[in-house]
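First to last, the sequence lines map onto chains A and B.
Residue numbers for the first sequence, in the numbering used here: 1 to 115.
Residue numbers for the second sequence, in the numbering used here: 116 to 230.
Note that the Cβ used here is the ideal one computed from N, Cα and C, for glycine as well.
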Amino acid sequence: GESVGLHLPTLSVQEGDNSIINCAYSNSASDYFIWYKQESGKGPQFIIDIRSNMDKRQGQRVTVLLNKTVKHLSLQIAATQPGDSAVYFCAENKFKGASYDKVIFGPGTSLSVIP
Amino acid sequence: ETGVTQSPTHLIKTRGQQVTLRCSSQSGHNTVSWYQQALGQGPQFIFQYYREEENGRGNFPPRFSGLQFPNYSSELNVNALELDDSALYLCASSLGLGSSTGELFFGEGSRLTVL
Numbered sequence: 001g002e003s004v005g006l007h008l009p010t011l012s013v014q015e016g017d018n019s020i021i022n023c024a025y026s027n028s029a030s031d032y033f034i035w036y037k038q039e040s041g042k043g044p045q046f047i048i049d050i051r052s053n054m055d056k057r058q059g060q061r062v063t064v065l066l067n068k069t070v071k072h073l074s075l076q077i078a079a080t081q082p083g084d085s086a087v088y089f090c091a092e093n094k095f096k097g098a099s100y101d102k103v104i105f106g107p108g109t110s111l112s113v114i115p
Numbered sequence: 116e117t118g119v120t121q122s123p124t125h126l127i128k129t130r131g132q133q134v135t136l137r138c139s140s141q142s143g144h145n146t147v148s149w150y151q152q153a154l155g156q157g158p159q160f161i162f163q164y165y166r167e168e169e170n171g172r173g174n175f176p177p178r179f180s181g182l183q184f185p186n187y188s189s190e191l192n193v194n195a196l197e198l199d200d201s202a203l204y205l206c207a208s209s210l211g212l213g214s215s216t217g218e219l220f221f222g223e224g225s226r227l228t229v230l
């Protein structure tokens, strides 16, 4: 069945270093791939997304890379800050009729930033 | 802040009871999705409502039901509660057709504990 998963459940990085969070997906029909950030006690928050016809997209301090050949998605965070400490979820979405189909989330990677 | 509000924030029920969770979507959003998030896991899709009709359902039994009202607010009802229903229930609104990505805007969730 459809699934989106992550390679590592936890990641620790030194403040100021770059972080790379990886994700594997299985549904080649997805139209969009999305990264969400969830801080403790809060709902997930959109970070960045990428269309399935792209391989790279950059935002503020974040870059998402999509490799459709190996069905791999990654999130790079530049100059990681303590405020980046959270659980990061990759998710996939596809258009269906009048709206979008369900967004499927992976299990999450917990990022800890060491001051 | 996403503009999505959920109530109650916390509640405790016993097995066999029924619960209703409420969600007010962000202004202008016509699509509401509900997710169940068990501790340490990614959100699992329950169902989605688009313009007051169910527009997709995940792998949840019929005792999970919902409603969307003309103002696009929504309810999630769970009957015959089981211990495994203990989780964070997240509501997310989106623009549906008006969105280029189907980006979800999440509330902070309702934490349900079933004893």
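Assigned secondary structure, residue i (DSSP; H/G/I helix, E/B strand, else coil)
{"i": "Gly-16(A)", "result": "coil"}
{"i": "Leu-11(A)", "result": "strand"}
{"i": "Asp-49(A)", "result": "strand"}
{"i": "Gly-108(A)", "result": "coil"}
{"i": "Gly-83(A)", "result": "helix"}
{"i": "Leu-219(B)", "result": "coil"}
{"i": "Leu-230(B)", "result": "coil"}
{"i": "Leu-196(B)", "result": "coil"}
{"i": "His-144(B)", "result": "coil"}
Pick from the options that is closest to residue i, judged by C-alpha positions
{"i": "Ser-40(A)", "options": "Gly-143(B), Gly-224(B), Leu-198(B)", "result": "Gly-224(B)"}
{"i": "Ser-110(A)", "options": "Asn-67(A), Cys-90(A), Lys-102(A), Lys-71(A)", "result": "Cys-90(A)"}
{"i": "Leu-196(B)", "options": "Ser-188(B), Leu-227(B), Leu-210(B)", "result": "Leu-227(B)"}
{"i": "Glu-168(B)", "options": "Ser-180(B), Thr-120(B), Pro-158(B), Gln-159(B)", "result": "Ser-180(B)"}
{"i": "Gln-151(B)", "options": "Pro-82(A), Lys-102(A), Tyr-25(A), Ser-12(A)", "result": "Lys-102(A)"}
{"i": "Gln-199(B)", "options": "Ser-209(B), Tyr-164(B), Thr-146(B), Ala-153(B)", "result": "What sits at residue 199(B) in the sequence shown is Asp, not Gln. Comparing Cα positions, the closest option is Ala-153(B)."}
{"i": "Leu-65(A)", "options": "Pro-82(A), Asn-93(A), Thr-80(A), Ala-24(A)", "result": "Ala-24(A)"}
{"i": "Pro-82(A)", "options": "Thr-10(A), Ile-20(A), Glu-15(A)", "result": "Glu-15(A)"}
Short CB-CB distance (under 8 Å) between residue i and chain B
{"i": "Ile-104(A)", "result": "yes"}
{"i": "Glu-2(A)", "result": "Its pLDDT being 44, under 50, Glu-2(A) is placed unreliably by the model, and the measurement read from it follows with that caveat. Not an interface residue."}
{"i": "Gly-123(A)", "result": "For residue 123(A) there is no data in the structure shown, the boundaries of chain A being 1 and 115."}
Interface flag, residue i vs chain A, CB-CB below 8 Å
{"i": "Pro-185(B)", "result": "no"}
{"i": "Leu-136(B)", "result": "no"}
{"i": "Ser-148(B)", "result": "yes"}
{"i": "Leu-205(B)", "result": "yes"}
8 Å contact criterion, which residue i and residue j should meet: CB distance rounded
{"i": "Ser-140(B)", "j": "Tyr-187(B)", "result": "5 Å"}
{"i": "Ala-29(A)", "j": "Lys-94(A)", "result": "6 Å"}
{"i": "Pro-107(A)", "j": "Gln-156(B)", "result": "6 Å"}
{"i": "Asn-18(A)", "j": "Ala-86(A)", "result": "With a Cβ gap of about 16 Å, Asn-18(A) and Ala-86(A) do not count as contacting."}
{"i": "Ile-50(A)", "j": "Val-62(A)", "result": "Ile-50(A) to Val-62(A), Cβ: 11 Å. No contact."}
- Message: Please list, in chain order, the residues of the stretch 154-176 of chain B that have any C-beta partner in chain A closer than 7 Å.
- Response: Correct list: Gln-156, Gly-157, Pro-158, Phe-160, Gln-163, Tyr-165, Asn-170, Gly-171, Gly-173.
- Interfacial residues, the stretch 35-52 of chain A to chain B, with Cβ spacing under 9 Å: Those would be Tyr-36, Gln-38, Gly-41, Lys-42, Gly-43, Pro-44, Gln-45, Phe-46, Asp-49, Arg-51, in chain order.
- Closer than 7 Å, Cβ to Cβ, to anything on chain A: give me those residues from the stretch 216-230 of chain B, in chain order. Listed in sequence order: Thr-216, Gly-217, Glu-218, Leu-219, Phe-221, Gly-222, Glu-223, Gly-224.
- Message: Along the stretch 59-70 of chain A, where does the CB come closer than 9 Å to a CB of chain B? Name the residues.
- Response: Cβ contacts with chain B come from no residue of the stretch 59-70 of chain A.
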